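Take 4 as the starting number for the sequence shown in this note's numbering and just add one per residue.
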Amino acid sequence: KNGKDSTTNGRMHYLEVKRLLLLNYCQAIVFYLLLKSEGHPIRDHPVLARLVEIKSLLDK
């Protein structure tokens, strides 16, 4: 039973991390869109690096 519980806990942890990454990715996209809609320069904005970083984590 302990093996099954630890496997279930591992899956739940993975899903929670994935959910938090997706939420953070969505927040960064919304912020990026806000900057663009207000006409702010985004070329060297840190949000772009953050989007790339989160996307690479999600692709693993």
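The beta-carbon is built from N, C-alpha and C at its ideal position, and this holds for glycine as well.
Keep in mind it's a predicted model, so treat the numbers as computed, not measured.
Cα-Cα separation between residue i and residue j, rounded to whole angstroms
i, j, result
"residue 54", "residue 16", "22 angstroms"
"residue 13", "residue 22", "14 angstroms"
"residue 47", "residue 35", "12 angstroms"
"residue 30", "residue 11", "29 angstroms"
"residue 61", "residue 40", "26 angstroms"
"residue 63", "residue 7", "24 angstroms"
DSSP three-state assignment for residue i, whether helix, strand or coil
i, result
"residue 44", "coil"
"residue 8", "helix"
"residue 39", "helix"
Contacting residues, own chain, Cβ-Cβ under 8 angstroms from residue i (five flanking each side not counted)
i, result
"residue 57", "24, 27, 28, 31"
Nonlocal neighbours in the same chain, by C-beta distance under 7 angstroms from residue i, ignoring five residues either side
i, result
"residue 51", "45"
Same chain, Cβ closer than 6 angstroms to residue i, five either side skipped, listed in chain order
i, result
"residue 33", "none"
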